[in-house]
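Take a look at the structure below.
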Amino acid sequence: MRKTLKEIAELVDGEVVGNGDIIITGVSGIREADEGDITFLANPKYFPLIEKTRASAIITSRDIEAPTKSVIRTDNPSLAFAKIVSFFVALYEVKHPQGIHPTAILGKNVALGRDVAVGPYAVIEDEVSIGDKSIIYAGSFIGQYTKIGTDALVYPNVSIRERVTIGNRVIIHSGTVIGSDGFGFVVIEGLHHKIPQVGTVEIGDDVEIGANVTIDRARFDKTVIGKGTKIDNLVQIAHNVAIGENSIIVAQVGISGSTTIGKNVTLAGQVGVVGHISIGDNAIVMAQSGVSKSIPPNTMAWGYPAKPQDVAKRVNACVQNLPRLYNTVAELKKKIEELEAKLKDK
Amino acid sequence: MRKTLKEIAELVDGEVVGNGDIIITGVSGIREADEGDITFLANPKYFPLIEKTRASAIITSRDIEAPTKSVIRTDNPSLAFAKIVSFFVALYEVKHPQGIHPTAILGKNVALGRDVAVGPYAVIEDEVSIGDKSIIYAGSFIGQYTKIGTDALVYPNVSIRERVTIGNRVIIHSGTVIGSDGFGFVVIEGLHHKIPQVGTVEIGDDVEIGANVTIDRARFDKTVIGKGTKIDNLVQIAHNVAIGENSIIVAQVGISGSTTIGKNVTLAGQVGVVGHISIGDNAIVMAQSGVSKSIPPNTMAWGYPAKPQDVAKRVNACVQNLPRLYNTVAELKKKIEELEAKLKDK
Amino acid sequence: MRKTLKEIAELVDGEVVGNGDIIITGVSGIREADEGDITFLANPKYFPLIEKTRASAIITSRDIEAPTKSVIRTDNPSLAFAKIVSFFVALYEVKHPQGIHPTAILGKNVALGRDVAVGPYAVIEDEVSIGDKSIIYAGSFIGQYTKIGTDALVYPNVSIRERVTIGNRVIIHSGTVIGSDGFGFVVIEGLHHKIPQVGTVEIGDDVEIGANVTIDRARFDKTVIGKGTKIDNLVQIAHNVAIGENSIIVAQVGISGSTTIGKNVTLAGQVGVVGHISIGDNAIVMAQSGVSKSIPPNTMAWGYPAKPQDVAKRVNACVQNLPRLYNTVAELKKKIEELEAKLKDK
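Heads up: the protein sequence lines correspond to chains A, B and C, in order. Taking my numbering, the leading residue of the first sequence gets 1, the next gets one more, and so forth. Taking my numbering, the leading residue of the second sequence gets 1001, the next gets one more, and so forth. Taking my numbering, the leading residue of the third sequence gets 2001, the next gets one more, and so forth.
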């Protein structure tokens, strides 16, 4: 999978400025790119990143001048890049299972669309429906009445319980559990009695869910993952959580029951969020933060407990400087004693 | 699953005060309840919560007067509520597997009680025993000599290794691993040599274990989960940990080797506990805390490192106020310089 | 598995000093040992631990005199102890699966070495190779073109995706996922587009990987776990991470993309590490730390954000003392006001 910059320019009807013979081996975002990658820049605000990126080439708009890197000029850099991403993805496609393996178990009234694949030892319970071209790998379990859309990809050893709804083009990685009971008990005379968890889970189109994730079903009603949201490995999503569209939930995040997360939110790695609060659209919570109160939209938050980033940074700077502050206070104390002594002398 | 308050009152031989035609759709604790729920109040200490709960109705004792919410008066609100919970659970029961699926693999000398169900592609190794009415779902693995009690429920794709003991009415959610090797190595000339992990795991009656939990077997002896304890998703319990009865271990908690947790303890989400310490009965450790020293019984602890809550809160308030303290110290410094200057003048 | 100290001494050609009739039931490191254990001491620096260890007996060099515990003197305590560990491991060996179970599914061109075992319902895809004496338990999945070395042990319900390379004597516990897609997206006009993750994972000899771990495949190139490294349960290792040899990664650690971890590094429980940094050889990062910047070799680091341990401890001591500092500052303020008043009086 090696293409020259010139070949890529042809794919998107763009114009090479710089060296068209550069070999491109991959695609990436402008910050994450490595040598060999092509990336793109649509927003003039980020022009300074052209100097910093490790990418070998950049797709830009027609109006960029005298770039310091090899670029492809196009009318619409975003669309051109999306096209190239699809092209690279297609090149790499692995051989997924095809057809219904004879050892796959299909219950009663299972509705399979066109070209559905079910791998060996997968178990599909009664009344399940699976849309066209979806693929269920070996050893996965799909519980009764669950609905899966079209073009979904469920990797090996996934467990999806009963009455869950999963959209189109959803990708679910191995070991993930969807629709397990919410963690709800009530103490009666010192013992924890289970509260029935009879809601469900609804996962929108174009969601991707990493490996060994857990998404609990709602007590009543439903736990919701909005369309286009991407969830990394080992994330815990409790009962009745609702996540909006196009959010990013990084590895090992935990979200407690009945919390609402907006659209385009980013929760960085190992963040914990308490129950019954809300995090507004476009908010970003930095890694390992502990969120104990609602966060307004468009806020960057950090810390334990999480605060707006500027407040948290100021507080943290103060904390790191504490040894000096203690010295300062000790000096002031000494000076005051000297002053007191002097005043007594007078 | 909709009942009028009147119908529910009849179930528990109680008296409606207020509107008996209210529709009840679920049960919950008084703090977690939503509209449509019925809850209960047994302890007069919590009477003020009657005003605050979102529940539509409350089961109370006979002596409550002039309630502001619709209530059912009963002789014993706790027992009445427990009865209603069971009633609602029964209403919702899903269709679990029945009988031994022809593809289930049973080793030699497997002892199955009455009405045991084993789902497709489950693997039960030699010498396992499973008690009456227990259910093992598809794709789960039960290792040699493991014993499971009666009325247990093991969801799909659970892995239970050899020689583990599991009590009655235990629920284990998908993806959970019980009896994996403890993490024990000894460094000999720069290399980590595995220390044999030949103990086991013992899980008491009425324990519930969430999805993708890991509970390691002991090095010798046993890792113990006391009866009635409830464990949420993605929790790590290391070798030789002992947890008492009726404790609550919330999602993503990690407990290191040989630590002892008492009865009725709550470890909130993402708490980490070091090895070889103990946490006393009824202790509560708040979310994301890092516990590095033993915690006495009846203590509420918080922070990193975890401290009694009042100490931790005071310290945290101080931390959040630091920018002001820096200002104060700067002002004091200035005043001292002024005083010094004045004194020189004299 | 009970041996007298005398019997053990004979195994390693050593000399008992003290009570040769003591019953030894296990082996352990000197700090972790319990009663009944035998341990060893090779480095004279640690002689004081002889007084503190809970072990019942210790293997030492020939030159130790007048020990307060029963010891076995040998020419090379490390090697003698390694021999005893192997001896104890052999005693406990459980009955692993043998041969290829008739329900195991083997794809085309699968190359199996001598005495390979594949359990029931395991799925081995096309072009896989598995070395001599390796064991694949029930329900595990091995993707196309993956190579597994000799004497490897893969427990039930493990998912290993395509084109992964796994060394000799590697142990992988249940529920673990290796080779899942890295978490990589690029935002194009507000939507997250998947970046193809077409690299692989390479796991060195003698690595042990706990239960429900996730190790993502690289975007290009490979995610690497160096030989002899041991990984505990529920650890997240992102795409393109490289870990050196003989490192220890404790439970629930998360390592973000493209980070490099050196040799002999220890990351304690629940540590989080950001992407694109490096942690030097022999570094130790203490539990729950959040590592946001590279850490030099031979450093002990702690905190959030992680700092060298001495700095972090000093800062933490300052933090814990804050309530006192506030009091001190309040007193100084009062004294200054008194001084100001006095000066005015004069």
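Cβ atoms here follow ideal geometry from the backbone N, Cα and C, with glycine treated the same way.
**OP:** Could you pull out every residue in the same chain whose Cβ sits closer than 7 Å to the Cβ of A/D181, ignoring the five residues on either side in sequence?
**Re:** Taking the first residue of the first sequence as position 1, residue 181 of chain A is located at position 181. Once the five neighbours on either side are set aside, the close Cβ partners of A/D181 are Q197, D216 and R217.
Subject >> Cα-Cα separation between B/K1304 and B/G1131, rounded to whole angstroms >> reply: As a position in the second sequence, residue 1304 of chain B is number 304, starting the count at 1. As a position in the second sequence, residue 1131 of chain B is number 131, starting the count at 1. Residue 1304 of chain B is actually Tyr in this sequence, not Lys. The straight-line gap from Cα to Cα measures roughly 44 Å.
Original post:
Going by the CB atoms, is the gap between A/T223 and A/G204 shorter than 9 Å?
Top reply: Reading the first sequence from its first residue, position 204 is the one you call residue 204 of chain A. Reading the first sequence from its first residue, position 223 is the one you call residue 223 of chain A. No, the Cβ-Cβ distance between A/G204 and A/T223 is not below 9 Å.
Original post:
For C/S2078, which of helix, strand or coil comes out of DSSP?
Top reply: Numbered from its first residue, the third sequence carries residue 2078 of chain C at position 78. C/S2078: helix per DSSP, three-state reduction.
Original post:
Out of curiosity, what's the CA-to-CA distance linking B/N1233 and B/V1274?
Top reply: Here the question's residue 1233 of chain B lines up with position 233 in the second sequence. Here the question's residue 1274 of chain B lines up with position 274 in the second sequence. Their Cα atoms are separated by approximately 20 Å.
**OP:** Could you check if A/K108 is buried or exposed, using at least 16 other CB atoms within 10 Å of its CB as the buried criterion?
**Re:** In the first sequence, the residue the question calls residue 108 of chain A occupies position 108. Under a 10 Å Cβ-count criterion, A/K108 is classified as exposed, with fewer than 16 other Cβ atoms of the shown protein chains found around its own Cβ.
Subject >> Residue burial classification, A/K263 (beta-carbon count within 10 angstroms, cutoff 16) >> reply: Taking the first residue of the first sequence as position 1, residue 263 of chain A is located at position 263. Around the beta carbon of A/K263, 16 or more other beta carbons sit within 10 angstroms, so the residue counts as buried.
**OP:** Quick one: grab the DSSP three-state call for B/A1111.
**Re:** Against the second sequence, residue 1111 of chain B aligns to sequence position 111. Strand.
Original post:
From B/I1038 to B/V1170, what does the alpha carbon distance come to, in whole angstroms?
Top reply: On the second sequence, position 38 is the one that residue 1038 of chain B refers to. On the second sequence, position 170 is the one that residue 1170 of chain B refers to. Each residue's Cα considered, the two are about 26 Å apart.
Original post:
Mind checking if C/D2205 is an interface residue toward chain B, Cβ cutoff 9 Å exclusive?
Top reply: Numbered from 1 along the third sequence, position 205 holds the residue referred to as residue 2205 of chain C. So no, C/D2205 is outside the interface.
Original post:
So, helix, strand or coil for A/P97, using DSSP?
Top reply: In the first sequence, the residue the question calls residue 97 of chain A occupies position 97. Taken through DSSP and simplified to helix, strand or coil, A/P97 comes out as coil.
**OP:** Enumerate in chain order the residues of its own chain whose CB-to-CB distance from A/V291 is below 8 Å, with the five nearest sequence positions on each side excluded.
**Re:** Walking along the first sequence from the start, residue 291 of chain A turns up at place 291. Hits under 8 Å: V271, G272, V273, V274, I277, I279, V285, A301, P305 and A306.
**OP:** Give the secondary structure of A/Q236 by DSSP, where H, G and I count as helix, E and B as strand, and everything else as coil.
**Re:** Within the first sequence, the letter at position 236 stands for residue 236 of chain A. Collapsing the DSSP output to three states places A/Q236 in a strand.
**OP:** Please compile the residues from chain A whose C-beta is within a distance smaller than 9 Å of the C-beta of B/E1208.
**Re:** On the second sequence, position 208 is the one that residue 1208 of chain B refers to. Chain A residues near B/E1208: D181, F183, F185, H192 and K194.
Subject >> Other residues of its chain near C/P2067: CB distance less than 8 Å, five sequence neighbours each side excluded >> reply: The residue given as residue 2067 of chain C occupies position 67 in the third sequence. Same-chain partners within the cutoff: V2017, G2018, I2050, I2058 and T2060.
**OP:** Identify every run of the beta strand (DSSP E) within the stretch 1104 to 1190 of chain B, keeping only runs that are complete inside it and at least 3 residues long; order them along the chain.
**Re:** Runs of the beta strand (DSSP E) lying entirely within the stretch 1104 to 1190 of chain B and spanning at least 3 residues, in chain order: 1177 to 1180 and 1185 to 1188.
Subject >> Endpoints, the alpha helix (DSSP H) within which B/T1328 is located >> reply: Taking the first residue of the second sequence as 1, we reach residue 1328 of chain B at position 328. Here the alpha helix (DSSP H) through B/T1328 covers L1322 to D1345.
Original post:
By how many angstroms is the C-alpha of A/F183 removed from the C-alpha of B/A1283?
Top reply: As a first step, residue 1283 of chain B is located in the second sequence; it is residue number 283 there, counting from the start. As a first step, residue 183 of chain A is located in the first sequence; it is residue number 183 there, counting from the start. Taking the straight line joining both Cα atoms gives about 20 Å.
Original post:
Three or more C-beta pairs closer than 8 Å, one from the stretch 2097 to 2112 of chain C and one from the stretch 2075 to 2085 of chain C: is that the case here?
Top reply: Touching, no.
Original post:
Sorted by chain position, which residues of the same chain lie with C-beta nearer than 6 Å to A/E15's C-beta, five sequence neighbours on each side aside?
Top reply: Numbered from 1 along the first sequence, position 15 holds the residue referred to as residue 15 of chain A. Taking A/E15 as the centre and dropping the five residues before and after it, the same chain places the C-beta of R73 closer than 6 Å to its C-beta, in chain order.
Subject >> B/V1329 to C/V2329 span [Cα, whole Å] >> reply: Taking the first residue of the second sequence as 1, we reach residue 1329 of chain B at position 329. Taking the first residue of the third sequence as 1, we reach residue 2329 of chain C at position 329. CA-CA distance, B/V1329 to C/V2329, rounds to 7 Å.
**OP:** Compute the beta-carbon to beta-carbon distance between B/R1339 and C/L2339, rounded to the nearest angstrom, for a pair I have assumed lies under 8 Å.
**Re:** In the second sequence, counting from the first residue as 1, residue 1339 of chain B sits at position 339. In the third sequence, counting from the first residue as 1, residue 2339 of chain C sits at position 339. The sequence given here places Leu at residue 1339 of chain B; Arg does not occur at that position. About 6 Å separates the two Cβ atoms, so the contact holds.
Original post:
Should B/V1094 go down as buried or exposed, given a rule of 16 or more other Cβ atoms within 10 Å for buried?
Top reply: As a position in the second sequence, residue 1094 of chain B is number 94, starting the count at 1. It counts as exposed.
Original post:
Where A/D126 and A/Y145 are concerned, what is the direct C-alpha to C-alpha distance, given to the nearest angstrom?
Top reply: Here residue 126 of chain A refers to the residue found at position 126 of the first sequence. Here residue 145 of chain A refers to the residue found at position 145 of the first sequence. Approximately 7 Å, taken between the alpha carbons.
Original post:
Hey, quick one: how far does the beta strand (DSSP E) through A/I22 stretch, first residue to last?
Top reply: As a first step, residue 22 of chain A is located in the first sequence; it is residue number 22 there, counting from the start. Element bounds for A/I22: n/a, residue is neither H nor E.
Subject >> Test item: CB-CB of A/I166 and A/I178 under 9 Å >> reply: Position 166 of the first sequence, counted from the start, is the residue given in the question as residue 166 of chain A. Position 178 of the first sequence, counted from the start, is the residue given in the question as residue 178 of chain A. In contact: A/I166 and A/I178 (Cβ atoms closer than 9 Å).
Subject >> Contact set between the stretch 2134 to 2165 of chain C and chain B, restricted to residues whose Cβ is under 8 Å from the partner >> reply: Considering only beta carbons, the part of the stretch 2134 to 2165 of chain C lying closer than 8 Å to chain B consists of Y2137, A2138, G2139, Y2155, P2156 and N2157, in chain order.
Original post:
For A/S134, which residues of its own chain have a beta-carbon under 8 Å away from its beta-carbon, when the five flanking residues on both sides are left out?
Top reply: Here residue 134 of chain A is taken as the residue at index 134 of the first sequence, counted from 1. Cβ neighbours of A/S134 beyond the five flanking positions: G113, V116, A117, I148, G149, T150, D151, A152, L153 and V154.
Subject >> Boundaries of the alpha helix (DSSP H) in which C/K2293 is found, first to last residue >> reply: Residue mapping note: residue 2293 of chain C aligns to position 293 of the third sequence, counting from 1. Going by DSSP, C/K2293 is part of no alpha helix (DSSP H) at all; its letter is neither H nor E.
**OP:** With a 10 Å radius around its C-beta and 16 neighbouring C-beta atoms as the bar for buried, classify B/E1245 as buried or exposed.
**Re:** Taking the first residue of the second sequence as 1, we reach residue 1245 of chain B at position 245. Buried, because 16 or more other Cβ atoms sit within 10 Å of the Cβ of B/E1245.
**OP:** Please check if any C-beta of chain A sits within less than 9 Å of the C-beta of B/K1052.
**Re:** For the purposes of this step, residue 1052 of chain B is identified with residue 52 of the second sequence, where counting begins at 1. Cβ-Cβ to chain A under 9 Å: no for B/K1052.
Original post:
In its own chain, which residues sit with a C-beta less than 6 Å from the C-beta of C/N2157, not counting the 5 before and 5 after it?
Top reply: Counting from 1 along the third sequence, the entry for residue 2157 of chain C is found at position 157. Within the same chain, C/N2157 has close Cβ partners G2139, S2174 and G2175.
**OP:** Would you kindly work out how many angstroms separate the C-alpha atoms of C/G2036 and A/D34, rounded to a whole number?
**Re:** Start at 1 with the first residue of the third sequence, and residue 2036 of chain C comes out as number 36. Start at 1 with the first residue of the first sequence, and residue 34 of chain A comes out as number 34. Cα to Cα, C/G2036 sits roughly 55 Å from A/D34.
Original post:
At which residues does the alpha helix (DSSP H) containing C/K2307 begin and terminate?
Top reply: The residue labelled residue 2307 of chain C in the question sits at position 307 within the third sequence. For C/K2307, there is no enclosing alpha helix (DSSP H); the residue is found in the beta strand (DSSP E) stretching over A2306 to P2308.
**OP:** Name, going along the chain, the residues of the stretch 2272 to 2286 of chain C whose beta-carbon falls closer than 8 Å to a beta-carbon of chain A.
**Re:** Cβ contacts with chain A: G2272 and V2274.
**OP:** Could you say which of B/G1190, B/I1231, B/V1128 and B/L1191 lies nearest to B/E1162 if we only look at CA atoms?
**Re:** Within the second sequence, residue 1162 of chain B is the residue found at index 162, counting from 1. The candidate whose alpha carbon is nearest that of B/E1162 is B/V1128.
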